Structure formats: C-alpha cells, structure tokens
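**Student:**
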DNA sequence: CGGAAGACCGAAAAGGTTTTCAGGAACGTA
DNA sequence: TACGTTCCTGAAAACCTTTTCGGTCTTCCG
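Chains as they are written, first to last, in full-length UniProt numbering: chain A, 1 to 351; chain B, 1 to 351.
(1) Give a yes or no on whether the C-beta atoms belonging to residue 73(A) and residue 141(A) are separated by under 8 Å.
(2) If you draw a straight line from the alpha carbon of residue 230(B) to that of residue 218(B), how long is it in whole angstroms?
(3) Let me make sure I understand the geometry here. Which of 85(A), 101(A) and 89(A) has the alpha-carbon closest to that of residue 120(A)?
(4) Applying the criterion that 16 or more other CB atoms from any shown protein chain within 10 Å of the CB defines a buried residue, is residue 49(A) buried or exposed?
(5) Please confirm if residue 94(A) has its CB atom under 8 Å from at least one CB of chain B.
(6) So within the segment 167 to 255 of chain A, which uninterrupted beta strand (DSSP E) runs reach at least 3 residues, ignoring any that extend past its ends?
(7) Indicate whether at least one CB of chain B lies closer than 8 Å to the CB of residue 397(A).
(8) What residues of chain B sit near residue 111(A), judged by a beta carbon separation below 7 Å?
(9) I'd like the list of long-range same chain contacts for residue 335(A), defined as Cβ closer than 6 Å, with 5 residues on each side in sequence excluded.
(10) Should residue 43(A) go down as buried or exposed, given a rule of 16 or more other Cβ atoms within 10 Å for buried?
(11) Alpha carbon to alpha carbon, how far is residue 108(B) from residue 28(A)? Give it in angstroms, no decimals.
(12) Work out the CA separation of residue 300(B) and residue 264(B) for me, nearest whole Å.
(13) What is the DSSP secondary structure of residue 355(B), counted as helix, strand or coil?
(14) Can you have a look at residue 68(A) and say buried or exposed, based on whether 16 or more other CB atoms are within 10 angstroms of its CB?
(15) With a threshold of 6 Å on Cβ separation, who are the neighbours of residue 4(B) within its own chain once the five nearest residues in sequence on each side are excluded?
(16) Give me, in chain order, the residues of the same chain whose beta-carbon lies closer than 6 Å to that of residue 291(B); leave out the 5 immediate sequence neighbours on both sides.
(17) Under 8 Å, do residue 342(A) and residue 305(A) count as touching if we go by C-beta distance?
(18) Could you check if residue 339(A) is buried or exposed, using at least 16 other CB atoms within 10 Å of its CB as the buried criterion?
(19) Roughly how far, in whole angstroms, is the beta-carbon of residue 319(B) from the beta-carbon of residue 100(B), given that I think they are within contact range, below 8 Å?
(20) Looking at chain A, is there any beta carbon in it that lies within less than 8 Å of the beta carbon of residue 22(B)?
(21) Using only alpha-carbon positions, find the residue among 186(B), 90(B) and 285(B) that is nearest to residue 224(B).
(22) Tell me the residue span of the beta strand (DSSP E) that contains residue 340(A).
(23) Could you pull out every unbroken alpha helix (DSSP H) segment of at least 4 residues lying fully inside the segment 82 to 167 of chain A, listed in chain order?
(24) Report yes if the CB atom of residue 132(A) is closer than 8 Å to the CB atom of residue 349(B), and no otherwise.
(25) Using a beta-carbon distance cut-off of less than 9 Å, what residues from the segment 151 to 162 of chain B approach chain A?
(26) Cβ of residue 40(A) within 8 Å of Cβ of residue 52(A)?
(27) With 8 Å set as the bound, which would you pick, yes or no: does the beta-carbon of residue 149(A) sit closer than that to a beta-carbon of chain B?
(28) What distance in whole Å lies between the Cβ atoms of residue 288(B) and residue 188(B), which are believed to be in contact at a cut-off of 8 Å?
(29) Under the three-state reduction of DSSP, which class applies to residue 298(A): helix, strand or coil?
(30) So what's residue 261(B) in DSSP terms, helix, strand or just coil?
(31) Just the Cα atoms here: how many angstroms apart are residue 89(B) and residue 35(A)?
(32) Of the choices 168(B), 71(B), 38(B) and 192(B), whose alpha-carbon is the least far from that of residue 59(B)?
(33) Would you please verify whether the beta carbon of residue 132(A) is less than 8 Å from any beta carbon of chain B?
(34) Say whether chain A places a C-beta atom closer than 8 Å to the C-beta of residue 299(B).
(35) Using the DSSP secondary-structure output, state which residues sit across from residue 337(A) in a beta bridge.
(36) For the UniProt domain "HTH lacI-type" (21 to 75) of chain A, list every residue whose C-beta sits within 8 Å of some C-beta in chain B, in sequence order.
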C-alpha cells in the first residue's frame, strides 16, 4: 500500500488525534488554509499551480483521504445507492447485482447490499435503514418475474424495480422480455428447418412461463405451424418434470423434431430422456433451453443452445436509469430488455 | 408506508427546506431544544417522560429519520462495513456474502458490496473508496481457497479474510476445513462398509483439491485401507473430467465400491458413467460429492450425498469476528470452519 | 505615480447530529 | 427565608468538508 511506504503517522511526527489525517492537517502541512486545501484537491481553478502541488504533496504524505460522510453532509448527496433484493440465493439476482455494481463502480457511487430474504418486515427495516443513510437512490431486485408490491410513491429518492416489476404503473420497472425470448427460441428452431416443435415449461403460475409460451405460440402461428404435442406442457421448473413431460410427450407425439424447454433445468431433463430413447440430439430432435445457466447449459450433452436473459445488462441499465433519475426526474412504466440467443450444439439445421 | 399516511410535509405546513425533516424541526415542533430532542430519541435518561413522548410524537409526525452521515461524523463510527469480493460470479462468494449480510443486518450495520472481478487495480480502487467512506471494518472474500496477498498491515480498520486466507500470518483468516471435509467424506463411506474407495478430484493446483485428498488418505490410512484406483485422480473441476476419470478408473480397477468426488460437478460426471456402465448407485458403488451445490446435488440421480462447506456460517462468523474486532483488537492466524455431511441417496450401507 | 483589474487566498457559515456543561426550576431542610 | 439537592433543559462545541464572499497582493495601464 502507498500508506505503508510513508512513516506511519503517529503522535511523534504530526498532530494526529483521531488516527486519520484530516483536511486541516493537510492544510497546515502545506502552509495554507483549509479552504485553499479543499480547492486544490478538488481542482478548483482559483488556486496557483505551485500552491496546488504543495497541497497535493502534503495530502500524499499524510495519505489523506477525504471523509465522504462530511462531504455527503454538505453536498446533500451521499454517493451511495441501495440494492434491495428479496432473494440473494436465487440465481437471478446475482447477475443483476453484478451489472449494477459494475455500472456504479465506474462512477463514484458505492452500493449498499440488502437481502430481505423474501420477508416483508425485513424489507421495511432495510428500507428505513437505507433512507436513514441518505442513499441517493434505490434498486429493488425481485425474486420472480412477476409484479411485486410497490414501495410507495412518496419516497424521497428515486426507485427502480428490476426483474420483478412494481404493481404501481407510476413506478419505473425494468424486466426481461420473456415474450420476445419465447419467440426468439422458436424462431431459431424454425430457421433450422424444424416443423414439429413442442414446448415443455415450468410452473404456470409464473408470468415468465406464460409469456415465453405466448411468444412461442405467436411465432408458430405466424408460420402457420401447429404446436407439437397438442399443448404447452406446464409443470415445474425441475429436471424431473423435464424428464416426465418428455416421456409423456413422446408417447403422444413420437415424431417431433424440436423441443423448446422453458428453462435449462428442464432442458437437462429433456436431454436425459431423449438419450434414453436413443433419439439423437440435434440430428433427430433439436433442444433449446432458457436462462443460459452456465453450469447446466455448458455441461449438458450436447451443450445446450439457450436464451440468455441478459440480466447483467439489465442490472447495468437499472444503474444508468437510476443515475439519470438522481438529478433529473424519473420515468415510469415497464421497460423490457431484449434477451439474446446463445447457440451451442443442441440445435443444428435439419440435415 | 407510514410516511404516506401523514399529510405529506411541504412548504405549507412546516419549515422544510431540504425536503426532509431534521432534528431541528422535531425539536421545534415538540417545543424543546435540539439537545433535548436528541436525548429523547436516543433514550438518554436525563429527560422527563412527558417530554420524551412529546418529542417522539413530533418525530413520528414528521416521519423523522436521523441522518446517519451526521451521526457517523460525530461518533467516528459509520456503522458500515465493506465486503470486498474478488469474484461475485463464482458461486462460493454468494453464500458467504449472505451469511455476513445476515449477521450484520441484525445489528445496525449496513454492508457495502464491492466486486473487484479478480482485478488487482479495481481492488485497490474499491479499497480507497471504502476507506474514504469510513467503513468500520472490511471482509475480503476470495475466489479460490488458496492464499491471497494481504491488503497490508497498516489499514486503519480491522480486516478479515474469508475463504481465501491472507498470505500474511498476522492477518485473521477464516477458511473451510478441507482436510476435515475429505476425512469426513471417506469416514462416511467406511462407516457404510465400503472398502475399495477411489478419489476423483479437480485441478491439483488448488489447495482445496490437495487438502481434501489428504484428509481422505489420512482416514484411509487410519483404517489400513488402500486407495482404490492406485492414485488420486486429479484433473479439472468439470463434469467432463468426472466422466473421463471414471472410465479410466473402472478400466484399471473394475471392482471399486465407492467414489469420493472432489466436487459435485465431478460427481455428476461420475454418476453419468456409472449409469452407462450399468453399475447401480448406491447398491454397487456409493458416490459422495463436495460442495452441496444444490442444483447439481439434488437433481442428480440418485440425489447426491455430499459435503457442505458451511459457507453461510463462515460468512456469519466473519461478521461476528469483525464486529468484535471493531472495538477490541483483532486476532490473527487461520481459523477453520467445520464442514458438514449432507446425506442423500447416493450413499447407503452395503447391504 | 495613482488607480483599476485580476489573481490568489482565507474567514466563516453551513450541513445534522451528539455530548458536555452550566444554568434554572422545584423541592426539601434547617 | 436561605440554602443545598435533584431533575430537566438548552447553549455551544465538535465532527470534516464545501463554498461564498471579502480581502490582500501583484501587475499593468494611463
């Protein structure tokens, strides 16, 4: 560390009572007033070059670092934002978090992480704490892609809802375009010459399941193609359901040539049964997943073509929107982020 | 929100210039001085009960929330800590984070999240920012269970290293007991009557791989048992390596009755090949993994017995140690957290 | 040489809270 | 009535920085 290289400042060589150099110390060492020292460090123009360097040297020597609390107190801006997630464990929050943290990090903004663990009381508690800390803004990251209760309209800072939209249309929410994702998946299969496409997906109470199915059906309809297997196979977001549904599906409709799975987890189950049934992937049946959950998709046999929700981009976008809202005023409504196709080996043109 | 229920305070009904009620406003409304208001809100004894309730009511009415920045400025304690991780993406950081966040949350401490993304420069940058924000302490969460460079001895706040120990023995590091984990895994197999136990694990450059292997070998030696397969099969932390190694292993030593896999990912590969070879799990061959990575372990067929590193507990412990260190002084050396066995169906007593 | 303009610097207020210390009121005792 | 206690309350300093505004000094021009 650079602090290490200087003689560690102690009672002997300087007036350090609190253990840290303050602007006053720097000013004294540089032989100027506090005001001048401040200006010099902040690149204000009204200070001579020679004086500035003297101050800079003094600051360096004392390894001065400005007290952000005091700065925040006076500028009425803390330079912090709150990231209020309801479910850190769930794998979807993390990439959003990363994106947001990354975007803020390149500014001067630091991020408070709060995990409410799905508990409403804990959420309120964290909210109070964050407001008390005078965060400049808030990003609320939901656990499921369905609407969640708004934090309210009368908060003193801008709020952005990510992944789970707010149930108040006056709030600004950022979500992934699941309809577009479903459409994209089926489009990919169609382009590869598939005609008998089935769809196995998760819990029908999830908006995401409904939306993806709708996108898929829309795209099929445009092409005048029927949905293979006679229905959307709703069930659970699990490998086990993927296996079960595939078995039933094959029984009802043995000559499908593609399966769109509503998640990579389900896709793994699908692949598993296709293997057992000696149906070659992708030559006989193409499989496409959803989520691009790396550990599952990459290690699948064959590696899984899938739809990536671009969650990190969503997090970054949330950060940008919040940043813009901090001085300006905030928009409202629901904004969607386009997913993207990740092509691997589980899909290929039909001979 | 409670703020919502009051007439929203505006220019009309009160002296609100900055948009938020301040202690001065509360005091004025309650008809007392700022000092008294402060004491009343902080449960100081030198204030009459009647006055206290008057202040409390005023605070409630204005939905006052104290400015933590100002408090921190004067108390010389910000009530925040920094969580400096080098790799948010990696799945190991998350549970540690959750544990720490949870432990701090129940106190009054808020957590700054910083992801250095494995970049040294970014780490320094974040460190500077955190110190500038006057965090009361720091937890450094590594990406790999191997030693990492210390942040230095002369930081003005206590630092605790989690998962990756610091290379400076004067620092305090908290790590998982991988030797104990390896021992625990083999012990479990032995207790279930297994005698021909093999070990397939990941990248030998990882301390964790070496430690787990050592623990396993120790336990075997105690029992006078040889290691089946003639060697520890080091390779990569991947399903593919799990598959490859299992094939080679079976060729060399067809009648093993248990495999200890160095990670759940590897274990999945192992299970896969055992399936193909028609070796029944757990009746013929028992399999135990490491990490308790839920998505892999639970969905395996059969569900995987595995070793859980107790990372969330590690995070919580780190928080506690840091908390203790903030007033007192910090210990040093490496402290280990015991892993725990998660029994599922991939292991069972040999008839 | 006088004066105006410009460059640089410093005193002081402000931001919101905690805490110390002194003063005032009420009360009991001599 | 005078005085000592006990309780409450409030003025003011402190924490560290930014920013405004007035002041000093130099320089240049007439």
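Idealized CB from N, CA, C, for every residue including glycine.
Owing to the predicted nature of the structure, the values given are computational and were not obtained by experimental measurement.
**Tutor:** Considering the structure as presented:
(1) Position 73 of the first chain, counted from the first residue, corresponds to residue 73(A). Position 141 of the first chain, counted from the first residue, corresponds to residue 141(A). By the CB criterion at 8 Å, residue 73(A) and residue 141(A) fall outside the cutoff.
(2) Counting from 1 along the second chain, the entry for residue 230(B) is found at position 230. Counting from 1 along the second chain, the entry for residue 218(B) is found at position 218. Rounded to the nearest angstrom, the two C-alpha atoms are 15 Å apart.
(3) Numbered from its first residue, the first chain carries residue 120(A) at position 120. Residue 120(A) has its Cα closest to that of 85(A), out of 85(A), 101(A) and 89(A).
(4) What you label residue 49(A) is simply residue 49 of the first chain in a count that begins at 1. Looking at its Cβ environment, which holds fewer than 16 other Cβ atoms inside 10 Å, residue 49(A) is exposed.
(5) Counting from 1 along the first chain, the entry for residue 94(A) is found at position 94. Taking Cβ atoms only, chain B reaches closer than 8 Å to residue 94(A), which makes this a yes.
(6) Counting only runs of 3 or more, we get 172 to 176 and 197 to 200.
(7) The structure shown has nothing for residue 397(A), since chain A only spans 1 to 351.
(8) The residue you call residue 111(A) lines up with position 111 of the first chain. Going along chain B in sequence order, the residues near residue 111(A) (Cβ under 7 Å) are 112 and 113.
(9) Counting from one through the first chain, the residue named residue 335(A) turns up at place 335. 174.
(10) For the purposes of this step, residue 43(A) is taken as the residue at position 43 of the first chain. Residue 43(A) is classed as exposed because its beta carbon has fewer than 16 other beta carbons within 10 Å across all chains shown.
(11) Position 28 of the first chain, counted from the first residue, corresponds to residue 28(A). Position 108 of the second chain, counted from the first residue, corresponds to residue 108(B). About 36 Å.
(12) Position 264 of the second chain, counting from 1, holds the residue named residue 264(B). Position 300 of the second chain, counting from 1, holds the residue named residue 300(B). When rounded, the distance between both Cα atoms is 9 Å.
(13) With chain B running from 1 to 351 in the structure shown, residue 355(B) is simply not present.
(14) Counting from 1 along the first chain, the entry for residue 68(A) is found at position 68. Burial call: buried.
(15) Locating residue 4(B) in the second chain gives position 4, where the first residue counts as 1. With a pLDDT of only 32 at residue 4(B), under 50, the local geometry of the prediction cannot be trusted, and the value read off the model is given with reservation. Beyond the five residues adjoining it in sequence on each side, residue 4(B) comes within less than 6 Å, by CB distance, of no other residue in the same chain.
(16) Looking up residue 291(B) in the second chain gives position 291. So the qualifying residues of the chain are 263 and 264.
(17) Taking the first residue of the first chain as position 1, residue 342(A) is located at position 342. Taking the first residue of the first chain as position 1, residue 305(A) is located at position 305. Going by C-beta atoms, residue 342(A) is nearer than 8 Å to residue 305(A).
(18) On the first chain, residue 339(A) is found 339 positions in, with the first residue counted as 1. Label assigned to residue 339(A): buried.
(19) Sequence index remark: in the second chain, residue 319(B) carries index 319 (1-based). Sequence index remark: in the second chain, residue 100(B) carries index 100 (1-based). About 4 Å; that satisfies the 8 Å criterion.
(20) Locating residue 22(B) in the second chain gives position 22, where the first residue counts as 1. Residue 22(B) does not count as touching chain A.
(21) Start at 1 with the first residue of the second chain, and residue 224(B) comes out as number 224. Of the candidates 186(B), 90(B) and 285(B), the one whose C-alpha sits nearest the C-alpha of residue 224(B) is 186(B).
(22) Here residue 340(A) corresponds to residue number 340 of the first chain, with the count starting at 1. Residue 340(A) -> beta strand (DSSP E) spans 340 to 342.
(23) 93 to 106 and 120 to 132
(24) Taking the first chain and counting its residues from 1, the one referred to as residue 132(A) is at position 132. Taking the second chain and counting its residues from 1, the one referred to as residue 349(B) is at position 349. Taking 8 Å as the Cβ cut-off, residue 132(A) and residue 349(B) do not qualify as a contacting pair.
(25) Those would be 151, 152, 153, 154, 155 and 156, in chain order.
(26) Locating residue 40(A) in the first chain gives position 40, where the first residue counts as 1. Locating residue 52(A) in the first chain gives position 52, where the first residue counts as 1. Yes, they are a contact pair.
(27) In the first chain, the residue the question calls residue 149(A) occupies position 149. Not an interface residue.
(28) Indexing the second chain from 1 puts residue 188(B) at position 188. Indexing the second chain from 1 puts residue 288(B) at position 288. Rounded, the Cβ-Cβ distance is 6 Å, consistent with contact.
(29) Counting from one through the first chain, the residue named residue 298(A) turns up at place 298. Residue state, collapsed to three classes: helix.
(30) Mapped onto the second chain, residue 261(B) falls at position 261. If DSSP states are grouped into helix, strand and coil, residue 261(B) belongs with the strands.
(31) Your numbering for residue 89(B) matches position 89 in the second chain. Your numbering for residue 35(A) matches position 35 in the first chain. Answer to the nearest angstrom: the Cα atoms are 44 Å apart.
(32) As a working mapping, residue 59(B) is identified with position 59 in the second chain. With distances taken between Cα atoms, residue 59(B) lies closest to 38(B).
(33) As a working mapping, residue 132(A) is identified with position 132 in the first chain. Closer than 8 Å to some Cβ of chain B, the Cβ of residue 132(A) qualifies, so yes.
(34) Here residue 299(B) refers to the residue found at position 299 when the second chain is read from its first residue. Yes - at least one Cβ of chain A is within 8 Å of the one on residue 299(B).
(35) Position 337 of the first chain, counting from 1, holds the residue named residue 337(A). Looking at the DSSP output, residue 337(A) bridges to 176(A).
(36) 65, 66, 67, 68, 69, 70, 72 and 73
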